[in-house]
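Just add 13 to wherever you are in the sequence shown, counting from 1, and you've got the numbering used here. Below: the structure, in C-alpha cells.
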Amino acid sequence: MDRWQGMRVFVRVAESGGFAGAARALNMSPPAVTRAVAALEARIGARLLTRTTRRVALTEAGARYLEDCRRILAEIEEAEAVAAGAMAIPTGTLTVTAPVQFGRLYVLPVISEYLDRHPAVAARALFLDRVIDLVEEGADVALRIGPLPDSGLSAIRVGSVRAVVCAAPAYLERHARPQAPGDLTAHAIIGRSDQAAVAEWRFGAERRLAVPVRPRLVCNTIDGALAAALDGRGIVRLLSYQVAPALAEGRLVRLLEAHEGPPMPVHVVSPEGRRAPAKVRAFVELAVERLRGDPRVNPQSG
Numbered sequence: 014m015d016r017w018q019g020m021r022v023f024v025r026v027a028e029s030g031g032f033a034g035a036a037r038a039l040n041m042s043p044p045a046v047t048r049a050v051a052a053l054e055a056r057i058g059a060r061l062l063t064r065t066t067r068r069v070a071l072t073e074a075g076a077r078y079l080e081d082c083r084r085i086l087a088e089i090e091e092a093e094a095v096a097a098g099a100m101a102i103p104t105g106t107l108t109v110t111a112p113v114q115f116g117r118l119y120v121l122p123v124i125s126e127y128l129d130r131h132p133a134v135a136a137r138a139l140f141l142d143r144v145i146d147l148v149e150e151g152a153d154v155a156l157r158i159g160p161l162p163d164s165g166l167s168a169i170r171v172g173s174v175r176a177v178v179c180a181a182p183a184y185l186e187r188h189a190r191p192q193a194p195g196d197l198t199a200h201a202i203i204g205r206s207d208q209a210a211v212a213e214w215r216f217g218a219e220r221r222l223a224v225p226v227r228p229r230l231v232c233n234t235i236d237g238a239l240a241a242a243l244d245g246r247g248i249v250r251l252l253s254y255q256v257a258p259a260l261a262e263g264r265l266v267r268l269l270e271a272h273e274g275p276p277m278p279v280h281v282v283s284p285e286g287r288r289a290p291a292k293v294r295a296f297v298e299l300a301v302e303r304l305r306g307d308p309r310v311n312p313q314s315g
C-alpha cells in the first residue's frame, strides 16, 4: 500500500472514530485497515492513535499529522483534477471559515445554496472566533472582519460592520438613556470574557474618545452577552451584524449612534498564487453576490 493510501486510511479512521467504521467506508477488511495504520506509524516512527476497547483517539502527534494529511490529500485531489481537466466543474471538498455568529447567520445560508447548486461538492464549515492560516489549516475561503494584514491572499470587500452600543427597552425604562459616551459610567455594562483586558470603550470617527467601563456582568460568548442585554440586564457593545435582527424587531435599541467609531470592512478571502479551482471560484462569486446584497452586511444595499 502506498503512503498516500495509508494517509487516506488514517484520515478515515480518525474521522470515523474506529477501525470498523473506516473499513466499511473504504470497503476494506478491518485487519487491512489495522495493518495500513500500523505500517504508517512504523514508517513515521510515532504512534498516531491510541486504542481502547470501544474506539480510537488521536495522540498529540496524530492530531498534527491528521491536519497535514488532510491538506496533502486535498492538494493531490486538486492536482489530479487539474490534470484531468476538471477545473471547469466544481468538485471535491470546499472548506470555509468565518467567525462563529457571522458564519451561522450569513455564511451558512450561502453554503446551503452553494451545495444545492453544485451536487458534486461537499463542504466543511469551520466557524471560529479566531483568525486561522488558510494554507496551514487547509481552508479554501475565509470571511474576515476588520483590516487585513498584507499577505498573499486575494480579498474582495463585500460590506462593513460597526461596533454598536445597545440596550433593551425594558432596561431603558428603568434607567435614563445615555446621551453621551461619558454617561455610560453610570450604567450597568455587559462585557465578554474575551474583552476582559479592555478597560475602555472608544468612540468617535478616529476612536479618540475613551470611556472607562467596568462590566457588572461578563459572559464568555457573544450569544450570552446578547441574551443578557435582551433580558434587560444592561448595556452591551457588539458588532452591528450580531444585533441586527434584535434591532429590526425592536427588542434592542441602538444608543450613541452619532458617536460610533469607523466601520470595519468585511472581506471574502482566498489563497492566490495559482489558478483557483472551480469549487472556490463558484463559492466566492456566490458569497460576494449574496453578502453584498444583504443590508445587514452591506448597508449601502439597503
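C-beta atoms are modelled at their ideal positions from N, C-alpha and C, and glycine is treated no differently. All values derive from a computational prediction rather than experimental measurement.
Residue range 16-29 is occupied by the alpha helix (DSSP H) that includes M20.
The C-alpha of L304 lies about 10 Å from the C-alpha of L156. Judged by DSSP secondary structure, A138 falls within the beta strand (DSSP E) whose first and last residues are 134-140.
Here S42 is exposed, its C-beta having fewer than 16 other C-beta atoms within 10 Å. Nearest to I169 by alpha-carbon distance, out of P308, G217, G19, E298, is E298. P44 and G19 have their C-alpha atoms roughly 14 Å apart. In the structure shown, T108 falls within a strand segment according to DSSP collapsed to helix, strand and coil.
Comparing alpha carbon positions, the residue from R16, P225, G159 closest to I202 is P225. In summary, A238 is buried, with 16 or more beta-carbon neighbours lying within 10 Å of its beta-carbon over all protein chains present. For T47, the three-state secondary structure derived from DSSP is helix. Under the DSSP assignment, R267 falls in the beta strand (DSSP E) whose first and last residues are 266-268. When DSSP states are grouped into helix, strand and coil, V310 belongs to the coil group.
Excluding five sequence positions before and after R60, the CB atoms of its chain that fall closer than 8 Å to its own CB belong to E54, T72, A74, G75, given in chain order. Residue nearest to Y184 within the set R83, R246, A101 is R246 (criterion: CA-CA distance). For E73, the three-state secondary structure derived from DSSP is helix. Between the C-alpha atoms of E262 and A33 there is a straight-line separation of about 50 Å. Within the DSSP secondary-structure output, V256 pairs in no beta bridge. Straight across, the Cα-Cα distance linking A52 with R68 is about 19 Å.
Scanning its chain for C-beta atoms nearer than 6 Å, with the 5 sequence neighbours on each side dropped, one finds around D153 the residues L107, T108, V293, in chain order.
With contacts defined by Cβ atoms closer than 8 Å, P103 and A291 form a contacting pair. Here R187 is not near L268, since their CB atoms are 8 Å or more apart.
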